[in-house]
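For reference, the structure is listed below as structure tokens.
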Amino acid sequence: MNSPLTAKQITDYQRDGYVIVPALFSREEIDKLFEVARSDAAISDNSYDVRDESGKRSKLALWFTPGDDIYGLLTRSERMVGAVDALLGGSAPVCHFHSKLMQKEPFVGGAWEWHQDYGYWYKNEFLFPDQMASVMVAITEATRENGCLQVIRGSHKMGRVEHGKTGEQVGASIRYVSLALDVMDLVYVELKPGDALFFHSNLLHRSDANVSPVSRWSLISCYNRQSNKPFNEASSSCITPLEVVPDGSLLAASAAGMAKGADFLTKEGDVTLREE
Numbered sequence: 002m003n004s005p006l007t008a009k010q011i012t013d014y015q016r017d018g019y020v021i022v023p024a025l026f027s028r029e030e031i032d033k034l035f036e037v038a039r040s041d042a043a044i045s046d047n048s049y050d051v052r053d054e055s056g057k058r059s060k061l062a063l064w065f066t067p068g069d070d071i072y073g074l075l076t077r078s079e080r081m082v083g084a085v086d087a088l089l090g091g092s093a094p095v096c097h098f099h100s101k102l103m104q105k106e107p108f109v110g111g112a113w114e115w116h117q118d119y120g121y122w123y124k125n126e127f128l129f130p131d132q133m134a135s136v137m138v139a140i141t142e143a144t145r146e147n148g149c150l151q152v153i154r155g156s157h158k159m160g161r162v163e164h165g166k167t168g169e170q171v172g173a174s175i176r177y178v179s180l181a182l183d184v185m186d187l188v189y190v191e192l193k194p195g196d197a198l199f200f201h202s203n204l205l206h207r208s209d210a211n212v213s214p215v216s217r218w219s220l221i222s223c224y225n226r227q228s229n230k231p232f233n234e235a236s237s238s239c240i241t242p243l244e245v246v247p248d249g250s251l252l253a254a255s256a257a258g259m260a261k262g263a264d265f266l267t268k269e270g271d272v273t274l275r276e277e
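Positions in the sequence shown are counted from 1; adding 1 to them yields this note's numbering.
Structural data, given as structure tokens:
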């Protein structure tokens, strides 16, 4: 499978636990996605709030099986799957664990605590974190003011850190976060629409509340190798090989939102194991 990543980008990911790919998606593609997402009744009906310790709230919708809607065409695009395939350990087919549309609105969008994605996914009994990764595609600009992602460079090499409940979220041990910050760099991941952040499942990351008048929206797709079978996960999406679509599909297809009956996660389905 073709990958848009250079050898240097793959090396950077292995060393730092993340890599930023500028303009992985064109402005035309992102504008089309944003237009559909803002008026998507299924997304709106299945979005819910997750509050931070101060009471501010971020809104998200999460689903498992990628379809032929505009989100699925992005998630299954050759450039996305090819890049993930180049970054994950192992050689089994790439599968889709879940995707989520993150909506951090002006002034009310809340913070996310320091955490690792595998800090949650460990509870789903996936055994191999090197075979899991997330990709954040910026739909709107992400800045320090509107609560862009922050990462600790190289923290994926620490392995899994213990996590505990913090309000409606699950956060990493603050002791280990403090130790990591003593010896590793804190990076603010500011992105333009269409930029993509690929990051390891054990990379420590967080975000501040949105204190700006500008929304921060992003689509985050999480991937897994088929060989990394979970022992405590109801959805089979994470071990179902993806049907990859050509990169031109997102613009060529009729703009379509999420189909009714999509397998969304409800808040009662335990968002604390799924967050970004």
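Glycine residues also receive a C-beta, built at the ideal position from the N, C-alpha and C atoms.
With 16 other Cβ atoms within 10 Å as the buried cut-off, status of residue i
i, result
"G110", "buried"
"R77", "buried"
"Y189", "exposed"
"M2", "exposed"
"E36", "exposed"
"D26", "Strictly speaking, residue 26 in this sequence is Phe, with Asp absent from that position. With 16 or more other Cβ atoms within 10 Å, it is buried."
"D86", "buried"
"L180", "exposed"
"A8", "exposed"
"F108", "exposed"
"A84", "buried"
Bounding residues of the beta strand (DSSP E) (the contiguous stretch that carries residue i)
i, result
"S100", "95 to 105"
"Q227", "That residue, Q227, is in no beta strand (DSSP E); it is neither H nor E in DSSP."
"F200", "197 to 201"
"M2", "Per DSSP, M2 belongs to no beta strand (DSSP E) and is neither H nor E."
Rounded separation between residue i and residue j - CA only
i, j, result
"G148", "L205", "16 angstroms"
"L251", "R52", "33 angstroms"
"E277", "A210", "For E277, the predicted structure reports a pLDDT of 43, less than 50, and the residue's modelled location is therefore unreliable. A value from the coordinates is still provided. Near 14 angstroms, if we compare the C-alpha coordinates of A210 and E277."
"D70", "L6", "25 angstroms"
Opening and closing residue of the alpha helix (DSSP H) in which residue i lies
i, result
"D118", "118 to 122"
Among the options, nearest to residue i - alpha-carbon criterion
i, options, result
"Y19", "S92, G258, D186, D70", "D186"
"K193", "Q104, V138, P94", "V138"
"Y49", "I11, D41, S59, N229", "S59"
"D264", "R39, P107, A256, K101", "K101"
"F232", "A257, F127, G83", "F127"
"N229", "G120, M133, W64", "M133"
Expected contact under 8 angstroms - CB spacing of residue i and residue j to nearest Å
i, j, result
"V136", "A197", "6 angstroms"
"H157", "N203", "4 angstroms"
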